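For reference, the structure is listed below as structure tokens.
Chains as they are written, first to last, in my numbering: chain E, 994 to 1247; chain Z, 24 to 320; chain D, 116 to 459.
Here's what the structure looks like:
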């Protein structure tokens, strides 16, 4: 199968700090791909490189085998690279309707002039209803986004990114700060995205059990370098990984 | 021609150092409390008016004038802080403080109008020619310079150096920096943020007001004095936002551009300054002396 | 599980109240005022348009700009030049009124493409520079702007044969213009463009990852705001029949920002209210006229301290609280009746 997202020897340095060092890996459609590593390993930098907030110093990024290395971030998003943030980023002073429509706008760009004269995007209500089943809560359209709890906002951000019909979603620590049932719902949503819609998912997560249970493939980075990749068993038995990451955790537990 | 050029340079430098005083005040406030002060020009104007009262109305002798005016400037600074900053320090909306300074600008302008009247006042020069009653002319090597400009350059340059040393080299400046960056942490290591912020406000007002006093004999004292702050803004941006050295050099550049512009485009000297500002912004937004600010995602 | 539907059109009591008050204002004002008072009122309506243009840039897009006053000048001088015949030709007033916003939008587009490469405070400073540069040219350049003398002899607007005879008749035209501008802005708020702008305001990075071209969105907003200012400037030139650089100084620009902030920068009705307050208070409080600037200044500071979102912010918070209360009450009643049914 053709990878939906492929990084080829991507490099990025900030001053003297190497944030990405010849990083290569690829994400297949419908695959939940874990991206793990200790704090400061360069995970968020990779996210920013893929979504185009940073530009690569060297190397290439391919989306469906199309080179997008030089493409500005908004065009990448329009191609189908969705993203969520560690702390959800919404329109603080708007209601939920506008915030979710922001997601559908992405898949229905029809120019500002036609938008002004009342052209509407495709019918997204049924889609939304379906997704909210998995998200496990409901809300009032006209409520302020700031009025709903943090966990629900995180879920809502994933829903929003799915409303845009992306081909791949970059998910940054979706479980951080959520309670167990909310984490379950996050995973339900991501599984639906991957398995029913064939969306590739690149998942940064610190909760090891989640990553080990849900990801088919895992890539481990440290100091910007890929130190291991493969399925969960391979990764967790890799000596480098144990030393760099898991090992330290086990020591800490002892 | 050469004489003319030297004369223009002196004029330009004189205005430049005045702008530099205003600009330094702006930067210090931005650093200490993160506020762009749009009433800076009005404080500047108020300084000129207050000095006028002390010198012309009350006729204070110089040895009394200096402390009296400095104290009154400091008090103005304290009041300004108490009104525009203190109640708004927790404001959730960053523009609120800026708009409040605009409001304060209105109040100061109107106060000055009510107290000193609508007619522009003329302030006696520091060094007066006894025959004409106007500023004395200094003649070196056949070049005629107005004494007032020379005095402006001398006094303001000393002030600039003092303020620069205080903030960049001495402990007091580091205290203010620390307060600006993290109030809570600064208080933890024993720097009372209230005191440093109040001190900054007082010092800034004093410096700016002295600028107003120095420049008053060159212009008439009226509400239009406050518009000089726009040139100081230009200086700040050209030099590099948030950087004292840059602000000083940028302001000097603005003063010189303005002076030289009168050679060629006398009526467009304002435009020339701000066209330079826009060009600098477009090609070097961090300013001539600023460091490039990395985009933060 | 609840179903989500976008309601097509929902008219709330608040909307009706606003509409009724606005209609009453429009119909009543020319009946009870005349002459100079009416002129002030008319100017206020023009100010309101500029304040609304600021609401697009600052309220929706989060970009603090002083350029509104300059763009108003572009529209005004364009109209004056086109219609007064000083360039050797004169076009009819109605086409001029329609061309002015278009021309201003083009100018704003070109300027926006350059200035909006700057971000945040740097952009604000650049607009300050723009206002100063433009003002120098307005007041100094004789061929294009009439220099210090300005341009006089601008003909009155001829609206398909209706030529306003006095300020009272002008009022209806200006009120109509303001309503059109307000409706356009309300419409923008609900479209993709409005949402994009809001996203740019709240977080540029997030906006980029949502597929929004941040730069172009800001440039468009600047052009739309410019068009509105140009429209206001054209109307100003035709009503005043004279235009000069004093109207387009930096200080006047600050006033427009304050109007927008006073009413609530992200609220259409609020901006209009702010303009009316700043424009009309000196007239309504004649006694205090000598202290007006003073009152403004203190009022602005107090406003920033106690209600930084402006008058409309206070109103909207109260309204939301009321609606929430009502909703809770309704839900409570519903659950009660359900419980009663259950018992029965």
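Where a beta carbon is used, it is the ideal one built from N, C-alpha and C, also for glycine.
Just so it is clear, the structure is predicted and the values come from calculations on it, not from any experiment.
Would residue i count as contacting chain Z if we go by Cβ distances under 8 Å?
i, result
"residue 369 of chain D", "yes"
"residue 233 of chain D", "yes"
"residue 309 of chain D", "no"
Taking only the alpha-carbon atoms, compute the straight-line gap between residue i and residue j and give it to the nearest angstrom.
i, j, result
"residue 342 of chain D", "residue 216 of chain D", "4 Å"
"residue 56 of chain Z", "residue 1129 of chain E", "45 Å"
"residue 270 of chain D", "residue 178 of chain D", "36 Å"
"residue 1078 of chain E", "residue 134 of chain Z", "51 Å"
"residue 88 of chain Z", "residue 232 of chain Z", "13 Å"
"residue 1160 of chain E", "residue 1194 of chain E", "9 Å"
"residue 419 of chain D", "residue 453 of chain D", "47 Å"
"residue 1172 of chain E", "residue 305 of chain D", "35 Å"
"residue 1076 of chain E", "residue 434 of chain D", "35 Å"
"residue 116 of chain D", "residue 1127 of chain E", "At residue 116 of chain D the pLDDT is 42, less than 50, meaning the model places this residue with poor confidence and gives no usable figure here."
"residue 146 of chain Z", "residue 78 of chain Z", "9 Å"
"residue 50 of chain Z", "residue 255 of chain Z", "10 Å"
"residue 183 of chain Z", "residue 265 of chain Z", "16 Å"
"residue 1201 of chain E", "residue 1169 of chain E", "12 Å"
"residue 425 of chain D", "residue 298 of chain D", "21 Å"
"residue 1139 of chain E", "residue 144 of chain Z", "55 Å"
"residue 314 of chain D", "residue 1145 of chain E", "20 Å"
"residue 106 of chain Z", "residue 414 of chain D", "12 Å"
"residue 206 of chain D", "residue 331 of chain D", "33 Å"
"residue 138 of chain D", "residue 363 of chain D", "31 Å"
"residue 73 of chain Z", "residue 220 of chain Z", "24 Å"
Taking Cβ-Cβ distances shorter than 7 Å, what residues in chain Z pair up with residue i?
i, result
"residue 251 of chain D", "291, 293 and 294"
In terms of residue numbering, what span does the beta strand (DSSP E) encompassing residue i cover?
i, result
"residue 1053 of chain E", "1051-1056"
"residue 1165 of chain E", "1161-1165"
"residue 999 of chain E", "998-1007"
"residue 410 of chain D", "Run containing residue 410 of chain D: none in the beta strand (DSSP E); it sits in the alpha helix (DSSP H), 407-421."
"residue 161 of chain Z", "160-163"
"residue 169 of chain Z", "166-169"
Please list the partners that residue i has in chain D, where partner means a Cβ-to-Cβ separation under 7 Å.
i, result
"residue 260 of chain Z", "240"
"residue 1146 of chain E", "Here the premise fails: no neighbours, minimum Cβ distance about 13 Å."
"residue 1195 of chain E", "The premise fails here: residue 1195 of chain E is roughly 13 Å from chain D at the closest Cβ pair, so nothing lies under 7 Å."
"residue 270 of chain Z", "Correct list: empty, because the minimum Cβ distance to chain D is about 13 Å."
Name the one or two DSSP bridge partners that residue i has.
i, result
"residue 939 of chain E", "Nothing can be reported for residue 939 of chain E: it is not among the residues displayed for chain E, which extend from 994 to 1247."
"residue 1248 of chain E", "The first residue shown for chain E is 994 and the last is 1247, placing residue 1248 of chain E beyond what the model contains."
"residue 336 of chain D", "Answer is none; residue 336 of chain D lacks a bridge partner."
"residue 277 of chain D", "D:274"
"residue 1010 of chain E", "E:1007"
"residue 1203 of chain E", "Residue 1203 of chain E pairs with nothing; no bridge assigned."
"residue 189 of chain Z", "Paired residues: none, contrary to the question."
In terms of residues, what are the limits of the alpha helix (DSSP H) holding residue i?
i, result
"residue 1143 of chain E", "1143-1156"
"residue 1227 of chain E", "1225-1230"
"residue 219 of chain Z", "216-238"
Closer than 7 Å by beta-carbon distance: list the chain E residues that pair up with residue i, in chain order.
i, result
"residue 320 of chain D", "1046"
"residue 256 of chain D", "Neighbours of residue 256 of chain D on chain E: none; closest Cβ ~34 Å, over 7 Å."
How about residue i: is its C-beta nearer than 8 Å to some C-beta of chain D?
i, result
"residue 1019 of chain E", "no"
"residue 1066 of chain E", "yes"
"residue 69 of chain Z", "no"
"residue 1165 of chain E", "no"
"residue 1099 of chain E", "yes"
"residue 285 of chain Z", "no"
"residue 106 of chain Z", "yes"
"residue 1095 of chain E", "yes"
Closer than 8 Å by beta-carbon distance: list the chain Z residues that pair up with residue i, in chain order.
i, result
"residue 236 of chain D", "59 and 264"
Going along chain D, which residues have a C-beta under 9 Å from residue i?
i, result
"residue 1070 of chain E", "323, 324, 325, 326 and 327"
"residue 126 of chain Z", "373, 411, 412, 413, 414, 415, 416, 417, 418 and 419"
"residue 159 of chain Z", "None at all; the shortest Cβ gap to chain D is about 33 Å."
Under 9 Å Cβ-Cβ, which residues of chain E neighbour residue i?
i, result
"residue 317 of chain D", "1082, 1083, 1084, 1085, 1086 and 1087"
I want to see whether chain E comes within less than 8 Å of residue i, judged by CB atoms only; does it?
i, result
"residue 157 of chain D", "no"
"residue 314 of chain D", "yes"
Name the chain E residues that come within less than 8 Å of residue i, Cβ to Cβ?
i, result
"residue 381 of chain D", "1086"
Interface residues of chain D around residue i at Cβ under 8 Å?
i, result
"residue 1124 of chain E", "Under the 8 Å cutoff, chain D gives no residues; its nearest Cβ is about 10 Å from residue 1124 of chain E."
"residue 1177 of chain E", "Neighbours of residue 1177 of chain E on chain D: none; closest Cβ ~17 Å, over 8 Å."
Which residues in chain Z have a C-beta closer than 9 Å to the C-beta of residue i? List them in chain order.
i, result
"residue 260 of chain D", "Within 9 Å Cβ-Cβ: nothing; residue 260 of chain D doesn't reach chain Z, min ~12 Å."
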